[in-house]
Amino acid sequence: MLRSTLARRALAVLITCALPVLALADAGKPLRIGITLHPYYSYVSNIVGDKAEVVPLIPAGFNPHAYEPRAEDIKRIGTLDVIVLNGVGHDDFADRMIAASEKPDVPTIEANRNVPLLAATGIAARGAGKVVNPHTFLSISTTIAQVNNIARDLGKLDPDNARFYTQNARAYAKRLRALRAEALAKVTQAPDATFRVATIHAAYDYLVRDFGLEVTAVVEPAHGIEPSPAQLKKTIDQLKALDVKVIFSEMDFPSAYVETIQRESGVRLYPLTHISYGEYTKDKYEVEMKRNLDTVVRAIQENRT
Amino acid sequence: MSRAQVIRPAGAGHETLYVLLAAMLIVLLAAAVVSLRGERDDEVTLASHEIDARRDLTPAEQGLHSDLQVAADEIVLLREDGAAQVEVATLAEEGLPPFVDDASSQSRGRHQWQRLSGDAYFGRSQAPAVAGNLLLIVPGRAGASADLWLNRSEALAAPADLSQEALVASGWRHVVSHFDAGVTRQHRH
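Line by line, the protein sequences are chains A and B.
With my numbering as the guide, the letters of the first sequence map in order to residues 7 to 311.
With my numbering as the guide, the letters of the second sequence map in order to residues 1113 to 1301.
Structure (C-alpha cells):
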C-alpha cells in the first residue's frame, strides 16, 4: 500500500517535471506552412530555410486552373499551422478547402495585401478595370512585395525566427532584383509604342510591364478557357488589325489552336511559363522566371523595327 | 327556331387572374433572389484628392508604384539596420528600382530623385505625360504602408510642406489601391 502511494507520487512528480518540457517541445516545433501555387512554395522555402516545413495544398501535376479539391488534400489542412494565399483570384479553391477541413479557422497570410494590382484584361475584365489580374507572381517587383509581406507575417507567428525570416527574404529579394536588372541591361533601348504584344493566357501583364510594355490583346476568352472557332477567328482578325508584333504563349499548357493563330496571323510566338506546373522546388521560381525574362528580352530584340 | 345559347366557361375571368398572379409571384420571387444573392456593388468612392492606382495611373506610373512600394519596405529595413537616413545614392547602390538608372527608369519618365526632410523622396519627372512627378513618404515602422503622391504638372518644385492639406492644396493627389473583385473571387477575405 505504502509502496504503491510512493510510486504514484513519484509518477506525479515525474509528469509535473516533464509537462513544461513537453509544452516547450510543442512550441519549438517547426511551423507547417501550407501554400497553394508553385511560386509560393519557392518564396516560402527561401524565407524559412530549414526552420519550417512547406506543404503544397495541391499535389504536383495538377493544373491550378482546373483543380477540384480531393478528400486527402482537404484532410492535410488539419495538420497545418498557417496557409499562404495568393488571395486575389488564383487560389479560390483554397477557401472552400479550408472551410471544409478540420481546421476551418487556420490562420492565413494574404501575400498580396497592399500590393498594387493591375486590372484583368480580356472578357474576364467585366466592366472597366474592376476585376483584378491575380498573376502578381509573374513580376519581380510584385513578387518582392509579396515575399516581404509573407516574411513579416511569418515573423509574427514565429517571433523567435522573425529576424532570420526577414534576412532571408531580403537576400532572396536581392537575387530576384539582380535577375531583373540583368534582363533589363540587355534591352539597351526600350521598345516604342508601336511594339504591340498579345498573350494567350491573361497572365503576363505584370511581367511585360516590368519592361515598360502593355498587353494589347488576350486570346483566351476567360481565365484558362480555350476560345471557340468563332472567337478564334475574331482574335486573329484583331491581331492583324492591331499589328501585333509578338504573342506570348503558354509553355506548360500547350494547345493545338495556338498553332492555328501563328499560321493564320503570321505573328511570332514566344512561350512563357506560368510557373504552375511540375515539381515544387525551392529554386523553381528563380530558374523559370529567368527563362521568362530571357524570352521577353529575345522577343524584344528579334522584333524591334 | 334557333336560339344562340351562350355558355360561359366555369371559371370565367378567374383563370386570367390566376395566371397573372402566378406570373407576378414568379417575378417577385426572382427579384427577391437577385437582390439577396446578386453581386454586390462595392464601388469604393474616392475623395477628390485621391487617384485610383489600377484605373487612373498610366502603365509607367503603375510600374513605378509597385517598385516604390518595394523600395519603401527596404528603406524601413535599412533604417532598422542602423542607417539614420537612407540617401538616394544608397538606394541606387542597392539596385532598387526606380532609383537605379536602367532601361526601365529611362522609359518610365526619367525621374530625378532627391530625399526631402524626414523620410520623403521626391522624383521629378522629365516626361510627365509618361509618368507624373512622384512623392514617396516612407512610414516609420515595418508593416505600415507607404504613401505615394502624384502630380502631373510640368517643371514642379519639390514640396516644402509634406502635410496632407498642403500637398492637396498644391495639386498633389494621393495614390490609393483597393480590391474590388477577382477573376473568380468576388470579395477579399
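Quick reminder that beta carbons are idealized off the backbone N, C-alpha and C, glycines included.
Just so we're clear, the structure is a prediction, and the values are computed from it rather than from any experiment.
Proximal residues to residue i (C-beta, below 7 angstroms), its chain only, five neighbours per side dropped
| i | result |
| --- | --- |
| Leu-245 (chain A) | Ala-204, Ala-223, Ser-271 and Val-273 |
| Ala-29 (chain A) | Residue confidence is low: Ala-29 (chain A) scores 39 on pLDDT, short of 50, so the model does not pin down where it sits. Its coordinate-derived value is still stated next. Hits under 7 angstroms: none found. |
| Ala-305 (chain A) | Val-252 and Tyr-276 |
| Val-303 (chain A) | Ala-189, Lys-192 and Val-193 |
| Arg-315 (chain A) | Beyond the ends of chain A as shown, which are 7 and 311, falls residue 315 (chain A); an answer cannot be given. |
| Val-50 (chain A) | Ile-39, Ile-41, Val-60, Val-90 and Ile-156 |
| Thr-266 (chain A) | Leu-238 |
| Met-336 (chain A) | No information on residue 336 (chain A) is available, as it lies outside the stretch 7 to 311 that chain A covers here. |
| Ala-168 (chain A) | Gly-161 |
Residue range of the alpha helix (DSSP H) that includes residue i
| i | result |
| --- | --- |
| Ile-1163 (chain B) | It is not in any alpha helix (DSSP H) - Ile-1163 (chain B) instead sits in the beta strand (DSSP E) that spans 1162–1164. |
| Tyr-1233 (chain B) | No alpha helix (DSSP H) contains Tyr-1233 (chain B), which is instead part of the beta strand (DSSP E) from 1232–1236. |
| Leu-278 (chain A) | It is not in any alpha helix (DSSP H) - Leu-278 (chain A) instead sits in the beta strand (DSSP E) that spans 274–278. |
| Ile-1138 (chain B) | 1126–1149 |
| Tyr-178 (chain A) | 168–192 |
| Arg-158 (chain A) | 146–163 |
| Gly-1366 (chain B) | With chain B covering 1113 to 1301 only, the question about residue 1366 (chain B) has no answer from this structure. |
| Tyr-47 (chain A) | 44–54 |
| Val-1280 (chain B) | 1276–1281 |
Rounded distance between the beta-carbons of residue j and residue i, thought under 8 angstroms
| i | j | result |
| --- | --- | --- |
| Thr-149 (chain A) | Leu-182 (chain A) | 6 angstroms |
| Tyr-212 (chain A) | Leu-144 (chain A) | 5 angstroms |
| Tyr-210 (chain A) | Asn-52 (chain A) | 23 angstroms between Cβ atoms; not a contact. |
| Asp-1088 (chain B) | Asn-154 (chain A) | The requested residue 1088 (chain B) is not part of the displayed model; chain B covers only 1113 to 1301. |
| Leu-1180 (chain B) | Pro-1210 (chain B) | 7 angstroms |
| Ile-41 (chain A) | Asp-87 (chain A) | Wrong, their Cβ atoms sit about 12 angstroms apart, outside the cutoff. |
| Trp-1284 (chain B) | Trp-1261 (chain B) | 4 angstroms |
| Gly-1207 (chain B) | Ala-187 (chain A) | 6 angstroms |
| Gly-1289 (chain B) | Arg-1149 (chain B) | Position check: residue 1289 (chain B) holds Ser in this sequence, whereas Gly was assumed. Ser-1289 (chain B) to Arg-1149 (chain B), Cβ: 28 angstroms. No contact. |
| Pro-113 (chain A) | Leu-163 (chain A) | 7 angstroms |
| Val-1280 (chain B) | His-1161 (chain B) | 4 angstroms |
| Met-295 (chain A) | Leu-123 (chain A) | Rounded, the Cβ-Cβ distance is 19 angstroms, inconsistent with contact. |
| Gln-152 (chain A) | Ala-117 (chain A) | 4 angstroms |
Strand pairing of residue i, partner residues [DSSP]
| i | result |
| --- | --- |
| Thr-266 (chain A) | Answer is none; Thr-266 (chain A) lacks a bridge partner. |
| His-1286 (chain B) | B:Glu-1162 and B:Trp-1261 |
| Gln-1224 (chain B) | B:Arg-1236 |
| Ile-39 (chain A) | A:Val-60 and A:Val-88 |
| Thr-205 (chain A) | A:Val-224 and A:Phe-254 |
| Leu-1246 (chain B) | B:Gly-1235 and B:Leu-1262 |
| Ile-231 (chain A) | A:Ala-228 |
| Ala-125 (chain A) | A:Val-138 |
CB contact below 8 angstroms: residue i versus chain C
| i | result |
| --- | --- |
| Leu-1148 (chain B) | Reference to chain C is not applicable here, since the protein chains of this structure are A and B. |
Other residues of its chain near residue i: CB distance less than 6 angstroms, five sequence neighbours each side excluded
| i | result |
| --- | --- |
| Leu-160 (chain A) | Tyr-171 |
| His-1299 (chain B) | For His-1299 (chain B), the predicted structure reports a pLDDT of 43, less than 50, and the residue's modelled location is therefore unreliable. A value from the coordinates is still provided. Nothing meets the Cβ criterion. |
| Ile-1187 (chain B) | Val-1198 and Val-1250 |
Unbroken beta strand (DSSP E) run spanning residue i, endpoints
| i | result |
| --- | --- |
| Asn-309 (chain A) | First-last for Asn-309 (chain A): 290–309, but that is the alpha helix (DSSP H), not the beta strand (DSSP E). |
| Glu-116 (chain A) | 114–116 |
Proximity test, residue i beta-carbon vs the ligand GTP heavy atom, cut-off 7 angstroms
| i | result |
| --- | --- |
| Asp-1185 (chain B) | This structure simply doesn't include the ligand GTP, nor any ligand for that matter. |
Cβ neighbours of residue i in the same chain (closer than 8 angstroms, five flanking residues each side left out)
| i | result |
| --- | --- |
| Ala-1270 (chain B) | Gln-1226, Leu-1228, Phe-1234 and Arg-1236 |
| Pro-233 (chain A) | Val-225, Glu-226, Pro-227, Thr-241 and Tyr-263 |
**OP:** Evaluate the contact criterion for the segment 211–218 of chain A versus the segment 285–303 of chain A: three or more CB pairs, one atom per stretch, below 8 angstroms.
**Re:** Contact between the segment 211–218 of chain A and the segment 285–303 of chain A is present, because at least three Cβ pairs lie under 8 angstroms.
Original post:
Are there three or more Cβ pairs, one per stretch, closer than 8 angstroms when the segment 1168–1177 of chain B is compared with the segment 1219–1237 of chain B?
Top reply: yes
Original post:
Are three or more beta carbon pairs between the segment 1257–1265 of chain B and the segment 1200–1209 of chain B nearer than 8 angstroms?
Top reply: Verdict: no, contact absent.
Original post:
Do the segment 278–293 of chain A and the segment 73–89 of chain A meet, that is, are 3 or more Cβ pairs less than 8 angstroms apart?
Top reply: no
Original post:
How do the segment 105–112 of chain A and the segment 53–71 of chain A stand: do at least 3 beta-carbon pairs fall below 8 angstroms, yes or no?
Top reply: No contact exists between the segment 105–112 of chain A and the segment 53–71 of chain A.
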